[in-house]
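Here the working numbering is used: position 131 in the sequence shown is 267, and no number is missing along the way. A virtual CB, placed ideally from N, CA and C, is assigned to each residue, including glycine. What follows is a single structure, written as structure tokens, with notes after it.
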Amino acid sequence: MRLILPLPGNETFARDLAETGGWELGEIETRRFPDGETYVRILSDVADRRVDLVCTLARPDDGFLRLAFAVDAARSLGAREVSLVAPYLAYMRQDRRFLTGEAVTSKTFARLVSSTFDRLVTVDPHLHRYPALSALYTIPTETLHAAPLLADWIAVEVEKPLVIGPDEESEQWVSAIAARIGAPHAVLRKIRHGDRSVDVELPDLSQWSGLRPVLVDDIASSGHTLIEAARKLPLQGFSRPVCVVVHGVFAEDSYARLLAVAERIVSSDSVQHVSNAIRLAPLIVTSISADEKVSEYLVRHRRPPEPLDEVERAGVDSFPASDSPPWTSGVGSKQTRIPRQGKGERAT
Ligand SMILES: O=P(O)(O)OC[C@H]1O[C@@H](O)[C@H](O)[C@@H]1O
Numbered sequence: 137m138r139l140i141l142p143l144p145g146n147e148t149f150a151r152d153l154a155e156t157g158g159w160e161l162g163e164i165e166t167r168r169f170p171d172g173e174t175y176v177r178i179l180s181d182v183a184d185r186r187v188d189l190v191c192t193l194a195r196p197d198d199g200f201l202r203l204a205f206a207v208d209a210a211r212s213l214g215a216r217e218v219s220l221v222a223p224y225l226a227y228m229r230q231d232r233r234f235l236t237g238e239a240v241t242s243k244t245f246a247r248l249v250s251s252t253f254d255r256l257v258t259v260d261p262h263l264h265r266y267p268a269l270s271a272l273y274t275i276p277t278e279t280l281h282a283a284p285l286l287a288d289w290i291a292v293e294v295e296k297p298l299v300i301g302p303d304e305e306s307e308q309w310v311s312a313i314a315a316r317i318g319a320p321h322a323v324l325r326k327i328r329h330g331d332r333s334v335d336v337e338l339p340d341l342s343q344w345s346g347l348r349p350v351l352v353d354d355i356a357s358s359g360h361t362l363i364e365a366a367r368k369l370p371l372q373g374f375s376r377p378v379c380v381v382v383h384g385v386f387a388e389d390s391y392a393r394l395l396a397v398a399e400r401i402v403s404s405d406s407v408q409h410v411s412n413a414i415r416l417a418p419l420i421v422t423s424i425s426a427d428e429k430v431s432e433y434l435v436r437h438r439r440p441p442e443p444l445d446e447v448e449r450a451g452v453d454s455f456p457a458s459d460s461p462p463w464t465s466g467v468g469s470k471q472t473r474i475p476r477q478g479k480g481e482r483a484t
């Protein structure tokens with residue numbers, strides 16, 4: 137049975153994941169030495185098992201080294217595969233060099249994660265200028281999408297919603313959410329002047345007066361985007377908006393400031409926060425279970441070992457037509473490196 141191992145601060149999410157998936161919840165002991173260095177000890181049996189380290193990556197600078205230590209400990213104890221389940225993936229927003237000399241941190245961070253883990257599972261990474269995680273990460277990745285869960289929450293909780301994205305980037309999930317619940321949608325225009333300085337312009341929304349505005353975004357970080365959008369809506373006669381985000385990072389006092397101009401704020405549980413109202417565990421379990429089926433399939437169809445020279449000549453393996461491979465169906469976009477037995481890799 138696979139093992140779900142939570143890093144500190146991720147216990148609630150990991151327990152939900154383990155219970156929903158019917159998997160074992162493991163234990164890691166971590167603490168700080170007096171000089172600030174990190175102590176890590178894995179207390180669960182990981183030998184010959186697939187291990188999922190669960191760690192959301194909001195505030196990653198504090199936690200990544202601890203993760204790297206845990207992976208090495210798991211490998212030295214004989215773990216068969218170590219994946220990172222990071223419902224929020226950090227360092228996706230500095231995706232290019234805007235000023236000479238800036239570090240493109242998305243690339244550096246992706247390289248660190250790719251050289252540490254065997255696989256990455258995440259939810260709605262901030263893919264703005266990158267087409268997919270495969271443009272950055274060299275390990276197999278699974279990108280899951282929370283839009284249907286957000287849509288279902290809105291459908292149940294908000295009467296007569298007008299789904300609003302605060303900027304052009306949000307059009308993709310705002311339109312998907314609106315279509316799923318049969319509501320209208322609109323997209324605002326954002327001009328970002330700096331980390332903490334944002335302007336939002338509203339188009340004429342008067343045709344939807346009387347509807348409840350629901351601001352939807354992937355991340356609330358400094359909160360400025362949502363705060364500015366929420367401030368502008370009453371200028372066109374709308375009531376205070378409901379704000380729904382996938383990742384409630386809520387830096388500094390942004391949650392309190394947004395609450396002052398919003399009717400209600402909810403987030404998925406990708407980052408543990410008082411606003412959490414949408415569980416991601418079912419989405420992640422579906423994806424991990426589908427991946428397990430692929431592995432089981434490969435084990436079932438494992439060929440007897442062949443001498444290396446024949447293996448090299450055989451090239452790509454083929455599967456019997458009577459039992460089609462299960463990796464085509466999924467809940468997100470998958471970048472999976474299918475082990476090819478004929479190329480010297482072993483199915484697990
Ligand atoms: O305005 P804050 O909360 O700092 O940043 C979040 C916004 O910045 C964008 O990259 C996100 O898509 C979101 O719209």
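Under the DSSP assignment, R186 falls in the beta strand (DSSP E) whose first and last residues are 186-190. Taken atom to atom, the span from the alpha-carbon of L248 to that of R202 is near 13 Å. In this structure, the beta-carbon distance from F253 to L416 does not fall below 9 Å. R233 is not bridged by DSSP to any residue. Beta bridge pairing from DSSP links E165 with R177. Bridge pairing for T258: A222, T279 [DSSP]. Not one heavy atom of ligand 1 lies closer than 8 Å to the C-beta of P223. Only buried fits M228, as 16 or more other CB atoms lie within 10 angstroms of its CB. With respect to the C-alpha of P284, the residue from D303, A392, D260, P276 having the closest C-alpha is D260. Short of 7 Å from the beta carbon of Y266, and not among the five residues preceding or following it, lie these beta carbons of its own chain, in chain order: D231, L272. Ranking I164, Q372, S411 by CA distance to the CA of Y391 puts S411 first.
With a cut-off of 8 Å, the C-beta of H360 is classified as near ligand 1, since at least one heavy atom of the ligand falls inside that distance. Relative to ligand 1, even the nearest heavy atom lies 8 Å or more away from the CB of R393. For R195 and V323, the gap between their C-alpha atoms comes out near 29 Å. Contact check for D188 against I424 passes: the beta carbons are separated by less than 9 Å. By DSSP's assignment, N412 forms a beta bridge with S403. Not one heavy atom of ligand 1 sits closer than 8 Å to the Cβ of A366. A387 has its Cβ nearer than 8 Å to a heavy atom of ligand 1. In the structure shown, V182 falls within a coil segment according to DSSP collapsed to helix, strand and coil.
Apart from the 5 residues on each side of it in sequence, L395 sits with its Cβ closer than 7 Å to the Cβ of I401 in its chain, given in chain order.
For the pair of segments examined, the stretch 209-222 was found not to touch the stretch 375-383: the number of CB pairs separated by less than 8 Å stays below three. Closest in C-alpha terms to L298, from the list E304, E305, S311, comes S311.
Beta-bridge analysis with DSSP links R348 to P297. Here F234 is exposed. Its C-beta has fewer than 16 other C-beta atoms within 10 Å.
Note on E278: 16 or more other CB atoms within 10 angstroms of its CB, so buried under the neighbour-count rule. Distance from the Cα of V407 is smallest, within the candidate group E147, P349, A204, for E147. Beyond the five residues adjoining it in sequence on each side, K296 comes within less than 6 Å, by CB distance, of L347, R348 in the same chain, given in chain order.
For A322, the enclosing beta strand (DSSP E) covers residues 321-323.
The beta carbons of R186 and E160 sit no closer together than 9 Å.
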